[in-house]
Amino acid sequence: MSLSDKIRRLKTEKGVTILAHYYQPLEVQKIADVMGDSLGLAKVAKNEINTPYILFAAVKFMAETASILNQDKVVLSPELRAGCPLSNFINPSVILEYKSQYPKAPLIVYVNTTAQTKAAADVCCTSSNALTIVKNVAKDWKTDNILFGPDKNLAAWVKQESGLNVIPVPPNGNCLVHNQFSIDHVHEARAAHPGAHLLCHPESPIEVLRQADYVGSTSGMIQYVETHDIPAGFILGTEIGLSDHLQDKYPSKKLFPLSSDAVCRNMKKITLEKILLVLESIGTPQESQFEVRVPAEIAEKAVKSIDTMMRYS
Ligand code: SF4
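Just so it is clear: in the sequence shown, position 73 is 79 by our numbering, and no numbers are missing.
Next comes the structure, spelled out in structure tokens:
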């Protein structure tokens, strides 16, 4: 029996739903019950899980979000060391510092943050709904000043699109996968694939976003590829896992990564072997070493930021 077949059999036997992010290796994507981006997976984790276990194939903060939303379930991670360097740019002390400088400004944090950071923020957002959230929060709080962290590029894009005074918290937070894109990458890709549409994730630098035919979240890019017939193809300015996912789903479409170096090493720490190990541990004393559990008092506060996000989006 193949590794994938063993995983499929065990997850059914042990009552496990496997959620996987689009940046996962293709073989992991193929054994997942649900694929999604941060917002999609958060919604599934909140409303649609009816198994006692959730196995989250992604970086750790995503498993934490599932735990915040499902305190009655056991959330397991195949690799607890799969962190997100972007999330490390902000923490409750940074939030307090900015809140004391701008006491009347709401503070919105990207979902790519720890449970403690979410608990200290006013509202959460994802790249899918950041613009809508910022506009609605500004209207409700009756202010043009919005504190937004930790991604400076997403903050700059939301500022440009909303016309509001979006202040990056801190000034230099970035995702090393998307922040590496440059105008040179754009020129090279456009020259290599004339006529192809350039789709960029808003964690990319603003000068790159200004060159794009479409700026949007991972799910937004998927929808764009699904609904546009562009014979020259699509250049994807995001992590290469999305190109793999779309090429597998639409073999006749032409898909090109903006840079083949756009690899999130943390997302790629998840392997089929590690997933099998977690499934085999369920019901044994080893199970707890894979568990991600956000303490109830932090989860209660963090869930408010996530619920407020769901309400505003
Ligand atoms: S791609 Fe960037 S934001 Fe996403 S998990 Fe990796 S480092 Fe974090």
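Each residue gets a CB set at the ideal place from its N, CA and C atoms; glycine is no exception. Please read these numbers as outputs of a predicted model, since none were measured by experiment.
| Query | Result |
| --- | --- |
| Let me check one thing: in DSSP terms, what residues is P211 bridge-paired to? | Per DSSP, none; premise fails for P211. |
| Over the uninterrupted beta strand (DSSP E) stretch that includes N171, give me the two end residues. | 171–174 |
| To the nearest angstrom, report how far apart G89 and D313 are at their CA atoms. | 24 Å |
| Any idea what DSSP makes of T120, helix, strand or coil? | coil |
| Please report how far the alpha carbon of L86 lies from the alpha carbon of K79, in whole angstroms. | 18 Å |
| Is it buried or exposed, D190, if we count other Cβ atoms within 10 angstroms and call 16 or more buried? | exposed |
| Suppose you measure from the CA of L182 to the CA of I55; what does that come to, to the nearest Å? | 32 Å |
| To the nearest whole angstrom, what separates the beta carbons of I288 and P84, a pair I think is in contact under 8 Å? | With a Cβ gap of about 12 Å, I288 and P84 do not count as contacting. |
| What residue does the alpha helix (DSSP H) around F67 start on, and which one ends it? | 66–75 |
| Which residue marks the beginning of the beta strand (DSSP E) containing H199, and which one marks its end? | No beta strand (DSSP E) contains H199, which DSSP labels as neither H nor E. |
| Can you name the residues that DSSP bridges to H27? | G42 |
| Does DSSP classify E245 as helix, strand or coil? | coil |
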